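Undergrad:
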Amino acid sequence: MGKLRLGVLASGRGSNLQSIIDAAREGWIEALAAVVISDNRSAFALERARRGGIPAVFIDPGAFSGREEYESAVVEVLRGHGVELVCLAGYMRLVGRVMLNAFPGRILNIHPALLPAFPGLHGQRQAWEYGVKFSGCTVHFVDEGVDTGPIIIQAVVPVFDEDTPDTLAARILEQEHRIYPEAIRLFSTGRLKIAGRRVLIEKE
Ligand code: GAR
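Numbered per numbering that gives the first Met the number 0, the sequence shown finishes at 203, counting up by one with no gaps.
#1: Among GLN123, HIS139, PRO149, ALA55, which one has its Cα closest to the Cα of VAL156?
#2: Compute every distance between the C-beta of ALA9 and the non-hydrogen atoms of the ligand GAR, then say whether any falls below 7 Å.
#3: The alpha helix (DSSP H) that contains VAL73, what's its start and end?
#4: May I ask which residues mark the beginning and end of the beta strand (DSSP E) holding ARG197?
#5: So if DSSP puts HIS139 in a beta bridge, which residue, or which two residues, is it bridged to?
#6: Where do the N-terminal and C-terminal ends of the beta strand (DSSP E) with PHE186 fall, by residue?
#7: For SER37 versus SER10, is the C-beta distance shorter than 8 Å?
#8: When every heavy atom of the ligand GAR is checked, does at least one fall within less than 7 Å of the C-beta of GLY89?
#9: Give me the Cβ distance between GLU70 and MET91, rounded to the nearest whole Å; I'm assuming they're in contact under 8 Å.
#10: What's the call for TYR207, buried or exposed, on a 16-neighbour Cβ count within 10 Å?
#11: By DSSP, does SER14 sit in helix, in strand, or in coil?
#12: Within 10 Å of its beta-carbon, does ILE150 have 16 or more other beta-carbons around it, so buried, or fewer, so exposed?
#13: Compute every distance between the C-beta of PRO111 and the non-hydrogen atoms of the ligand GAR, then say whether any falls below 7 Å.
#14: Give the C-beta separation of VAL138 and ILE178 to the nearest angstrom, bearing in mind that I take them to be a contact with Cβ-Cβ under 8 Å.
#15: Say yes only if the C-beta of GLU175 is nearer than 7 Å to one or more non-hydrogen atoms of the ligand GAR, and no if none qualify.
#16: Tell me whether ILE36 sits in a helix, a strand or coil according to DSSP, three-state version.
#17: Do the CB positions of ILE53 and VAL35 come within less than 8 Å of each other?
#18: Just list the residues that DSSP pairs ILE193 with in beta bridges.
#19: Any heavy atom of the ligand GAR within a distance shorter than 7 Å of the CB on SER134?
#20: Where do the N-terminal and C-terminal ends of the beta strand (DSSP E) with ARG4 fall, by residue?
#21: Take ASP142 and list the residues in its own chain whose beta-carbon comes closer than 6 Å to its own, dropping the five residues that flank it on each side.
#22: What span of residues does the beta strand (DSSP E) with LEU84 cover, start to end?
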């Protein structure tokens, strides 16, 4: 079986992208990053892709008349690189029906909180402000809602009295870098089965 071709969408520094690139390089996942796309020209994620010899594409949302036109351009690039699984990695945009229809059940996202708690922006800060004693991160399939799709893996971290939103975010990020490649590994080996809201993981 060939390697699963990933298309990674990232808006910022791209540390999750890097964890995926590294896991693929090390042969820990049977996948390769076929293209990295950003909606932000100066995203460090694009630089990481270039350094890794991966096609890096900036697509300017401002150059399109609406979300559907913008997403059609994104889908065209993904298809052009033979992408089979789309991984959102710090992609700060809602995904609409053009992308969902093009990749049904084939878009993953990582969120820095234990969903369904604290969806949307700044999940780490929301959790810290709320005063929870545990938070974490979630990899889930993407649907039409905001961070509402079926959950694949979660990791839990404690919140300490001395924490700031930044120290909590750093603890969560360490777990993100572990569970995102793990979720891709499970997907690429055909072990994820969606049953309604639940994602069942078949035993090896
Ligand atoms: C990560 O913490 C990711 O979970 C979060 O953005 C950060 C991106 O970091 N994503 C969201 O908040 C999505 N709503 P990275 O660019 O270093 O991977």
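For every residue, glycine included, the Cβ atom is placed at its ideal position computed from N, Cα and C.
Being a predicted model, the structure only gives us computed values, none of them experimental.
TA: With the structure as the only source:
#1: GLN123
#2: yes
#3: 66-79
#4: 197-200
#5: ASN108, ILE150
#6: Note, PHE186: premise wrong, no beta strand (DSSP E); alpha helix (DSSP H) at 164-187.
#7: yes
#8: yes
#9: So it is not a contact: roughly 15 Å between Cβ atoms.
#10: Lying before the first or after the last residue shown, residue 207 is absent from the chain, which here runs from 0 to 203.
#11: helix
#12: buried
#13: yes
#14: 6 Å
#15: yes
#16: strand
#17: yes
#18: VAL198
#19: no
#20: 3-8
#21: GLY148
#22: 84-87
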